[in-house]
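Novice:
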Amino acid sequence: MFFLVIPFLSLMVPIQIMDGIRRTTFRIVIRRIEPPFERNTDREMEWLCQSLGIVPVNKDKATMDIFKLIVRSTEEGKGISSTDIAEKISLSRGAVINHLNNLQLAGLVVKQGRNYFARSRSMVRTVQEVEEDIKRIFARMEETAREIDRAFGMSMDDRSPPTALRDRVKR
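Residue numbers 906 to 1076, in this note's numbering, belong to the letters of the sequence shown in order.
#1: When you compare only the Cα positions, how much space is there between M906 and S997?
#2: Answer yes if the stretch 934-954 comes into contact with the stretch 967-983, meaning at least three C-beta pairs across the two stretches below 8 Å, and no otherwise.
#3: Using the Cβ count rule (16 or more neighbours within 10 Å means buried), how would you classify R1029?
#4: Helix, strand or coil: which one does DSSP assign to N1020?
#5: Give me the DSSP bridge partner(s) of I1039.
#6: Looking only at its own chain, which residues have a Cβ that is under 6 Å from the Cβ of A1023, when we skip the five neighbours before and after it?
#7: Got a sec? Which residues, its chain only, sit under 7 Å from K993 by beta carbon, not counting five neighbours each side?
#8: Take the Cβ of S1060 as the centre, count every other Cβ of all protein chains shown within 10 Å, and call the residue buried at 16 or more, exposed below.
#9: Kindly indicate the opening and closing residues of the alpha helix (DSSP H) around R998.
#10: Would you grab the beta carbon distance between V1035 and G1012 for me? Rounded to a whole angstrom, and I think it's under 8 Å.
#11: Could you name the residues that DSSP lists as bridge partners for S995?
#12: Out of curiosity, what's the CA-to-CA distance linking Q1017 and I1039?
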């Protein structure tokens, strides 16, 4: 199991074209936020989106409304256009596109043609895919760190801080 104990984490992830859907680089943000006390699908989805950095805490109902529309459309096996979203939630198309760009940047929404789809047909699978993305990023970072250690002749077994740093910490 993979646990994050960082209050805030932000990573950029490159994504390939898969299943005819163009996936670009997106930002993964993980925030440590208390889950809702009561069992309520809307509040749980909001908590999930807040934890993933899509929606600021206690703000931005429009992004949640847009994300819910996209999730429902995806579950029905179809996407939804920015024009349709704008009409359903009474926002300008420009405002909707701004929210859609943020959802795409978060990696939770993909665009195919004129329509937008949730990253996955299941919220569980979406969270699992984000977790897999994070694991891949950390694996790449660890490999790069190993190469840097080798280049500087550092031992993987040496867990003590450099002498100068140790001396500063003691003061």
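Glycine is no exception: its CB is placed at the ideal position from the N, C-alpha and C atoms.
Specialist: On the basis of the data shown:
#1: Residue placement at M906 is flagged as unreliable, the pLDDT there being 36, under the threshold of 50; a coordinate-derived value is accordingly withheld.
#2: They touch, by the three-pair rule.
#3: According to the sequence as given, residue 1029 is Val; it is not Arg. So V1029 counts as exposed.
#4: If DSSP states are grouped into helix, strand and coil, N1020 belongs with the strands.
#5: Looking at the DSSP output, I1039 sits in no beta bridge, so it has no partner there.
#6: Take A1023, set aside five residues on each side of it, and the residues of its chain with a beta-carbon closer than 6 Å to its own are I975, V976 and T979, in chain order.
#7: The beta carbon of K993 is closer than 7 Å to those of L974 in its chain, skipping five residues each way along the sequence.
#8: Exposed is the call here.
#9: Here the alpha helix (DSSP H) through R998 covers R998 to L1010.
#10: The pair is a contact, with the Cβ atoms about 7 Å apart (cut-off 8 Å).
#11: Beta-bridge analysis with DSSP links S995 to no other residue.
#12: Taking the straight line joining both Cα atoms gives about 24 Å.
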